[in-house]
Amino acid sequence: MAASAQRERIYTVVAQIPPGRVTTYGRVARLADAPTPRMVGSAMRHLPEDSTLPWHRVIAASRRLADHGGAERQRERLLAEGISFTAAGKVPESRLWP
DNA sequence: ATGCCGGCTCAGC
DNA sequence: GGCTGAGCCGGCA
Numbered sequence: 087m088a089a090s091a092q093r094e095r096i097y098t099v100v101a102q103i104p105p106g107r108v109t110t111y112g113r114v115a116r117l118a119d120a121p122t123p124r125m126v127g128s129a130m131r132h133l134p135e136d137s138t139l140p141w142h143r144v145i146a147a148s149r150r151l152a153d154h155g156g157a158e159r160q161r162e163r164l165l166a167e168g169i170s171f172t173a174a175g176k177v178p179e180s181r182l183w184p
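All residue numbers in the first sequence are consecutive under this note's numbering, ending with 184.
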């Protein structure tokens, strides 16, 4: 399979995440049949600014926001969707999208 | 074509 | 629960 096709599949999966829900890089990787979770992060990093993809709904397996430049932005977007954070900055497990 | 850098994860302390 | 090291594979310079 072509590598670019994998990114498309990743994008497709991410697009399926319903508002108010989040999922992890690992989950996306599994669903998109990506070789490794890193590819998901890589795919996200290459997203254009004007992308409508809900990248903010993808978090780390620890249920915290991944460490990247837009983490602040991501946190706000999630809050806007009604996602609550624990004192430790983690997302409740019940918010995870299967 | 080669090398270095990632929006990670898991196992082990 | 938190830190560290290693593995992993695709982009991009």
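Where is the CB? At the ideal position from N, CA and C, for every residue including glycine.
First through last residue of the alpha helix (DSSP H) which encompasses residue i
i: Ile-96; result: 89 to 102
i: Glu-158; result: 157 to 166
Rounded separation between residue i and residue j - CA only
i: Ala-173; j: Val-99; result: 29 Å
i: Pro-178; j: Ala-91; result: 32 Å
i: Ser-148; j: Gln-102; result: 21 Å
i: Ala-118; j: Trp-183; result: 14 Å
i: Ala-157; j: Ala-88; result: 30 Å
i: Phe-171; j: Ser-180; result: 12 Å
Buried or exposed by the 16-neighbour rule on C-beta atoms within 10 Å, applied to residue i
i: Thr-110; result: buried
i: Arg-159; result: exposed
Contact the stretch 160 to 178 vs the stretch 135 to 143: 3+ CB pairs below 8 Å: The stretch 160 to 178 vs the stretch 135 to 143: in contact.
Segments assigned beta strand (DSSP E), at least 3 residues, entirely inside the stretch 105 to 153: Complete beta strand (DSSP E) runs here, min 3: none at all.
contact_flag[the stretch 118 to 126, the stretch 149 to 158] where n(CB pairs < 8 Å) is 3 or more: Output reads no: the stretch 149 to 158 does not touch the stretch 118 to 126.
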